[in-house]
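Add 15 to the 1-based position in the sequence shown for the numbering used here, that's all there is to it. No residue lacks a Cβ here, since even glycine has one placed at the ideal position from N, Cα and C. Remember, it's a predicted structure, so these values are computed and weren't measured experimentally. Take a look at the structure set out below.
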Amino acid sequence: MITAKIESKGLIKGLIIWVILFAVIIFGFSAVYPQMHSSAMEDLLGAKLDGLSPALLKTFNISVNGQASFLVAAGFFAYYFQYMFLAASIYAMMLGSQALIKEETDGTIEFLYAQPVTRREIVTSKVGVNLLILAIFWLCSFGVSLGSTLLYRQSTDSVATITKEISKIFMQESLILLFFLALGFFVSTFLKSSKQSTSVSLGIVFGFYLIGIFSDLNDSFSWAKTISPTHMGIPSNLLDKGLSGGNVLLLSVLILLFLGGTYMVYQRKDLKV
16 MITAKIESKG
26 LIKGLIIWVI
36 LFAVIIFGFS
46 AVYPQMHSSA
56 MEDLLGAKLD
66 GLSPALLKTF
76 NISVNGQASF
86 LVAAGFFAYY
96 FQYMFLAASI
106 YAMMLGSQAL
116 IKEETDGTIE
126 FLYAQPVTRR
136 EIVTSKVGVN
146 LLILAIFWLC
156 SFGVSLGSTL
166 LYRQSTDSVA
176 TITKEISKIF
186 MQESLILLFF
196 LALGFFVSTF
206 LKSSKQSTSV
216 SLGIVFGFYL
226 IGIFSDLNDS
236 FSWAKTISPT
246 HMGIPSNLLD
256 KGLSGGNVLL
266 LSVLILLFLG
276 GTYMVYQRKD
286 LKV
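As structure tokens, this is what we get:
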């Protein structure tokens with residue numbers, strides 16, 4: 016309980032900042048959507064996109080047809096939200112990777128271990144609190160995304176369809192965020208300082224992102240899609256196909272392995288007191 020209180024106090028400020036930033040950016044992008052339906056913009060999009068190669072369009076997940084089209088509300092949301100999801104993945108990774116090294120860096124590890132708690136209980140408390148923080152962030156992001164998309168929808172866009180498609184994206188991407196949170200916790204057991212967390216998180220998430228891009232550009236490298244969580248979570252792909260059963264199983268197994276590994280490594284770790 017004490018560990019949970021200490022952990023939550025340190026995370027609330029960051030949570031508020033992330034939620035506000037996400038809300039501002041999402042509302043900003045949503046406000047652009049009505050302009051996509053002007054005749055001038057439709058003509059411009061048609062002329063420009065027809066001149067691009069299918070491979071390039073696929074790489075950047077650009078479409079003018081189907082559910083993921085720029086010209087439908089859910090499709091427009093899916094296009095810009097792929098970059099927001101990348102940021103959310105970094106946030107999830109940072110939450111985990113800072114969790115078990117923060118007290119050592121701040122010099123407060125002695126106070127923490129003066130409490131009547133075991134290392135296992137510390138890990139459990141920190142996982143629970145960080146999971147709660149991530150869930151609040153994701154629910155707030157969902158509310159803002161749904162609200163702003165409905166606010167700026169066109170008469171041709173169905174409220175039920177928008178709600179269904181955005182819910183579909185958020186539900187499936189939540190599993191990928193859990194993967195990054197669990198991976199972050201595992202990485203945290205090896206870091207020497209919490210100052211390394213940001214650079215390590217950025218490197219890992221963008222590394223997965225680049226693997227996904229290369230897998231689209233090179234057919235001989237297409238197998239790499241199955242090892243890139245960021246590629247699995249591309250919103251336009253989730254609208255069209257959703258997460259495959261194999262991907263869900265793989266992510267679930269990895270989450271359990273990383274959390275199990277976190278408990279094992281942290282139990283044996285020599286702490287800087």
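In this structure the segment 198 to 213 touches the segment 111 to 119; the number of beta carbon pairs closer than 8 Å is three or more. The Cβ neighbour count for residue 238, taken over all protein chains shown within 10 Å, is under 16; the residue is labelled exposed. Setting aside the 5 residues that flank it on each side, residue 38 is surrounded in the same chain by 159, each with a C-beta closer than 7 Å to its C-beta; the list follows chain order. Beta-carbon to beta-carbon, residue 100 and residue 250 are separated by about 7 Å, close enough to satisfy the 8 Å threshold. If you draw a straight line from the Cα of residue 248 to the Cα of residue 283, it comes to about 34 Å. Non-local C-beta neighbours of residue 156 in its own chain, meaning closer than 6 Å and more than five positions away in sequence, comprise 37, ordered along the chain. Looking from the CA of residue 30, the closest CA among 186, 151 and 179 belongs to 151. The shortest CA-to-CA distance from residue 103 to any of 136, 252 and 35 is the one to 35. For residue 267, the uninterrupted alpha helix (DSSP H) segment begins and ends at 260 to 283. Linking residue 264 to residue 271 through their CA atoms gives a straight-line distance of about 11 Å. As summarised for the segment 187 to 265, the continuous alpha helix (DSSP H) elements at least 4 residues long and confined to that stretch are 212 to 232, 244 to 247 and 250 to 255, given in chain order.
Proximity of the segment 194 to 203 to the segment 82 to 97 falls short of the contact definition, fewer than three beta-carbon pairs being nearer than 8 Å.
In summary, residue 172 is buried, with 16 or more beta-carbon neighbours lying within 10 Å of its beta-carbon over all protein chains present. Between residue 203 and residue 111 the beta-carbon gap is near 6 Å, inside 8 Å, which marks them as a contact. Only exposed fits residue 279, as fewer than 16 other CB atoms lie within 10 angstroms of its CB. Counting along the chain, residue 134 sits inside the alpha helix (DSSP H) bounded by residues 134 to 166.
Between residue 184 and residue 253, the C-beta gap is smaller than 8 Å, which places the two residues in contact.
Selection 108, 44, 23 and 51 evaluated against residue 213 yields 108 as nearest (Cα-Cα).
Put simply, the backbone Cα of residue 215 is about 39 Å away from that of residue 168. Cα atoms of residue 153 and residue 145: separation of roughly 12 Å, rounded to the nearest angstrom. Taking the Cα of residue 164 as reference, the smallest distance to any Cα among 186, 27 and 42 is reached at 42. Going by C-alpha positions, residue 234 is about 34 Å away from residue 40.
It is roughly 18 Å from the alpha-carbon of residue 28 to the alpha-carbon of residue 142. DSSP, read as helix, strand or coil, puts residue 110 in helix.
Linking residue 229 to residue 76 through their CA atoms gives a straight-line distance of about 13 Å.
Residue environment: residue 130 is assigned as exposed (fewer than 16 neighbouring CB atoms within 10 Å of its CB, all protein chains considered).
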